[in-house]
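Q: Count the sequence shown with this note's numbering and you get residues 24 to 346, in order. Yeah, the Cβ is synthetic: ideal placement off N, Cα and C, and Gly gets one too.
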Amino acid sequence: MTFKQKKIITILGKEIKAGESRELTFGVANLHTSSSVDVPVIIERSKKPGPVVLFTAGIHGDEVNGVEIVRQIIAKGINKPKTGTIICIPIINVFGFINLNREFPDGRDLNRVFPGIKRGSLASRVAYKLVNEVIPDVDFIMDFHTGGSGRFNAPQIRIVKNSLTLDAIAETFGAPFVLYSKNIKKSFRNTCYKLGKPILLFEGGKSFHIDEKVTNTGVNGAKRVLNHLGMLSSKFKASKPKKPPVYILDSRWQRANFSGMFKASITINSKVTKGDVIGNITDPYGKFNHFVKATNSGYIINVNESPIVYQGDALFHITTKLK
24 MTFKQKKIIT ILGKEIKAGE SRELTFGVAN LHTSSSVDVP VIIERSKKPG
74 PVVLFTAGIH GDEVNGVEIV RQIIAKGINK PKTGTIICIP IINVFGFINL
124 NREFPDGRDL NRVFPGIKRG SLASRVAYKL VNEVIPDVDF IMDFHTGGSG
174 RFNAPQIRIV KNSLTLDAIA ETFGAPFVLY SKNIKKSFRN TCYKLGKPIL
224 LFEGGKSFHI DEKVTNTGVN GAKRVLNHLG MLSSKFKASK PKKPPVYILD
274 SRWQRANFSG MFKASITINS KVTKGDVIGN ITDPYGKFNH FVKATNSGYI
324 INVNESPIVY QGDALFHITT KLK
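1) Return yes when the Cβ of Glu67 is within less than 8 Å of the Cβ of Ile96, no when it is not.
2) Three or more C-beta pairs under 8 Å: does that hold for the segment 140-147 against the segment 188-206?
3) Per DSSP, what are the beta-bridge partners of Pro63 in this structure?
4) Return the chain-ordered list of same chain residues with a C-beta closer than 6 Å to the C-beta of Val90, the five sequence neighbours on each side being excluded.
5) Which residues in the same chain have their Cβ closer than 6 Å to the Cβ of Val353, if we skip the five residues on either side of it in sequence?
6) Note the first and the last residue of the continuous beta strand (DSSP E) segment covering Gln179.
7) Could you check whether Leu223 and Met165 sit closer than 8 Å to each other, using their CB atoms as the reference points?
8) For a test of your reading of the model: does the CB of Arg135 fall under 7 Å from any non-hydrogen atom of the ligand SAH? Yes or no.
9) Could you tell me the distance, in whole angstroms, from the CA atom of Lys209 to the CA atom of Arg135?
10) Give me the residue from Thr305, Asn250, Ser230 and Thr343 with the minimum Cα distance to Trp276.
11) Could you give the distance in angstroms between the alpha-carbon of Phe49 and the alpha-carbon of Ser57?
12) Kindly indicate which residue of Gly283, Pro330, Thr296 and Gly321 has the alpha-carbon position closest to the one of Lys310.
13) Going straight from the alpha carbon of Ile180 to that of Val242, what length do you get?
14) Kindly indicate which residue of Val300, Asp299, Leu249 and Leu123 has the alpha-carbon position closest to the one of Lys103.
15) Considering only the beta carbon of each residue, do Gly197 and Phe225 sit closer than 8 Å?
16) In terms of residues, what are the limits of the alpha helix (DSSP H) holding Ala150?
17) Which residue wins for smallest C-alpha separation from Asn303, given the options Lys294, Pro330 and Ile291?
18) Which first and last residues belong to the beta strand (DSSP E) in which Phe339 is found?
19) Residues bridged to Phe361 by DSSP?
20) Mark Asp306 as exposed unless 16 or more other C-beta atoms lie within 10 angstroms of its C-beta, in which case mark it buried.
21) Could you give the distance in angstroms between the alpha-carbon of Asn319 and the alpha-carbon of Phe175?
22) Buried or exposed for Lys29, please, with buried defined as at least 16 other CB atoms from any protein chain shown within 10 angstroms of its CB.
23) Who are the near neighbours of Ala12 in its chain, counting only those whose CB is closer than 6 Å to its CB and skipping five residues on each side?
24) Of the choices Ala337, His232 and Lys71, whose alpha-carbon is the least far from that of Gly107?
25) What's the gap between the Cα of His83 and the Cα of Asp132?
26) If you draw a straight line from the alpha carbon of Pro268 to that of Cys215, how long is it in whole angstroms?
27) Determine, using beta carbons only, whether Ala41 and Ser59 come nearer to each other than 8 Å.
28) How big is the Cα-Cα spacing for Ile233 and Gly173?
29) CB-CB under 7 Å to Glu235, same chain, minus the five flanking residues each way: which ones, in chain order?
30) Is Lys37 helix, strand or coil by DSSP?
31) Where does Lys217 sit, in a helix, a strand or coil, going by DSSP?
32) Look up His55 in the DSSP assignment and say whether it is helix, strand or coil.
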């Protein structure tokens, strides 16, 4: 990747010079009590020129694992670059984070309203402000997410196909899986892609939960990318991934054929063969026990950890085609 060298960048209307450290306030809105709701934007600039990298998390307020990754990047000082600029926004949907809700108070999913409208809904206004007052001077973005409620995602990077730039940087990140997926309309990733801003979307863990292995994968991946860009401080070392990532071209959800109490018997990241027993569904009365068998061979990249499932619920996400 090649980047323009910027002596001065403008974030939220404030000019920030090389070598400066700033914490700006992203004014989201006021509560009904007139109290302001503000999101800190933490900016660290080296005196040496280099890329402008943005770390974001908490687009969905219940995805605390991503927030923890960016928190650690700040707390450990990884965000203080040797060259260039690092911007961290640990929580974008602060309303959702306070209430542990996925959506904004207006009921909208922030990740489905980008690039936003200046005088639109609350979520749309936040999206508009992020795109127009933070993104313009940014060169590269890492956005951290987790799986849905009760569904544990294997740590994975999601990118579009046919991008040599994203392929290279995803391999550098070193997550166990790289999943090729289309950009979703009106998502943050799709908007950044259209603006020509390379973005890696990280998925790992599940909502309402912090998992140490997932956070370690996210933090180590961020260090590797920063090292690749020549930005990682000499105080830190970027470890090599234990294994090269598995590239996923296609996958499918295996759903429950029965309602009942569910327990998976296979761990995340495991490779299974068609017909393997990977879980079971029972009734509360000890009269029924259905063994869930893999409908195809592949890697398990998501497991439903809910103890109760209904017929048709997604139980496992299994790869079907690899690169």
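A: Taking the structure as given:
1) no
2) no
3) Thr48
4) Ala80, Gly81, Pro113 and Ile114
5) Residue 353 lies beyond the stretch modelled for the chain, which goes from 24 to 346, so this question has no answer here.
6) Arg174 to Ile182
7) yes
8) Absence of the ligand SAH is noted for the structure shown, with no ligands found whatsoever.
9) 5 Å
10) Thr343
11) 16 Å
12) Gly283
13) 13 Å
14) Leu249
15) no
16) Leu145 to Glu156
17) Pro330
18) Ala337 to Leu345
19) With the chain covering only 24 through 346, there is no way to say anything about residue 361.
20) exposed
21) 20 Å
22) buried
23) Outside the modelled stretch of the chain, which goes from 24 to 346, sits residue 12, for which no answer is possible.
24) Lys71
25) 7 Å
26) 24 Å
27) no
28) 13 Å
29) none
30) strand
31) helix
32) coil
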